[in-house]
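In the numbering used here, the protein residues as written are 9 to 363.
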């Protein structure tokens, strides 16, 4: 049977589907409607409401079993999510969509075909978006909090990709995202969860700290990506523990012991190392997704901090941090929203790799 690959060569400078041209990187903002902004109240005080440069992509989430937040609005105590509203919003007409697909405790059902109807529904919905879509299947697969069984995870991942190929969902690429989390206490053998080169388009990771351990874990992930010749997406990133509004840093586990910080100090301690690491590894890191949210205001992440202390990572809430952010993303290497963005990413893709 001929199937459409989710891995397509679009130019000599673009080795993976929807990879930015050489020496350029795509900026994505997430991860809920309030964070990105541009909607009616209460979601009208986010990134695009304060930053004139619209992002090249936006992040949203859904779960495979119910596909909540895809066609209808859902709030799981961490902000409103509604992918269709993003697609229908003219502000994001020239932004790609990045979807985090939750599969915790669903991977076995997906692998044995029980969720084929949902996979088909998701694929058909993605097709009608008529834009590049990056699907993070079972994101942070190695995170202990997700407890994904490696074999079931791989089988579910492969089945979803196979079904998408049968449906010819050519505007979607898959992202295999590790957590690269220092809180795990050890470096996981991420290869145990790897479905195989023929099923993975992009490799992704999360970055919330700037510690030596964070760098070590990410170095290992990038080495894996280079070995497998895959481009990399920073799928989730934010300065955990910092509050850009209150200008403080707290203990990331309990939210105690606040330390006052100047905007310049916050930038120097988290943002500068973050962007420096990306620049150092620009040969493989091609997309960067930043989470621009007041974590402390959301029930899931706020007090009593059952999931750790996150703070407030909105870049627009402090004028000095906002200025430094704008200076950074205004560099021509960053791809933001533009009428030619999709074309520059090689969309629409017309060819396939028959198998």
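For each residue, glycine too, the CB sits at the ideal point set by N, CA and C. The structure presented is a predicted model; accordingly, all values stated were derived computationally and were not measured.
Own chain partners of residue i with C-beta closer than 6 Å, once the 5 adjacent residues on each side are dropped
i, result
"residue 162", "203"
"residue 91", "68 and 78"
Neighbour-count burial assignment, residue i, 16 or more Cβ in a 10 Å radius
i, result
"residue 54", "buried"
"residue 288", "exposed"
"residue 261", "exposed"
"residue 331", "exposed"
"residue 338", "exposed"
"residue 148", "buried"
"residue 248", "buried"
"residue 13", "Low confidence applies here, because residue 13 scores a pLDDT of 44, under 50, leaving its location unreliable; read the following figure in that light. It counts as buried."
"residue 120", "exposed"
"residue 155", "exposed"
"residue 151", "buried"
Distance, residue j Cα to residue i Cα
i, j, result
"residue 81", "residue 99", "18 Å"
"residue 268", "residue 259", "12 Å"
"residue 317", "residue 255", "15 Å"
"residue 307", "residue 301", "13 Å"
"residue 39", "residue 67", "5 Å"
"residue 47", "residue 305", "18 Å"
"residue 364", "residue 342", "Residue numbering for the chain in the displayed model covers 9 to 363; residue 364 lies beyond these limits and cannot be assessed."
"residue 263", "residue 130", "38 Å"
"residue 310", "residue 320", "10 Å"
"residue 50", "residue 42", "7 Å"
"residue 220", "residue 35", "25 Å"
"residue 347", "residue 108", "25 Å"
"residue 115", "residue 165", "8 Å"
"residue 227", "residue 153", "22 Å"
"residue 135", "residue 180", "8 Å"
Sequence-distant residues of the same chain with beta carbon closer than 7 Å to residue i, five excluded per side
i, result
"residue 336", "283"
"residue 56", "44, 45, 46, 62 and 99"
Anticipated Cβ contact below 8 Å, residue i with residue j, distance rounded
i, j, result
"residue 123", "residue 70", "That belief does not hold up - the Cβ atoms of residue 123 and residue 70 are roughly 13 Å apart, past 8 Å."
Neighbourhood of residue i by C-beta distance below 8 Å, restricted to the same chain and skipping five residues each side
i, result
"residue 33", "286, 290, 293, 294, 295, 296, 341, 342 and 343"
"residue 369", "Summary: the structure shown does not reach residue 369, with the chain confined to residues 9 through 363, and so no result is reported for it."
First through last residue of the beta strand (DSSP E) which encompasses residue i
i, result
"residue 107", "104-110"
"residue 68", "65-71"
"residue 129", "Per DSSP, residue 129 belongs to no beta strand (DSSP E); it is in the alpha helix (DSSP H), 124-136."
Element boundaries [alpha helix (DSSP H), containing residue i]
i, result
"residue 41", "41-44"
"residue 216", "No alpha helix (DSSP H) holds residue 216; DSSP gives it neither H nor E."
"residue 369", "Nothing about residue 369 can be read from this structure; the chain reaches only from 9 to 363."
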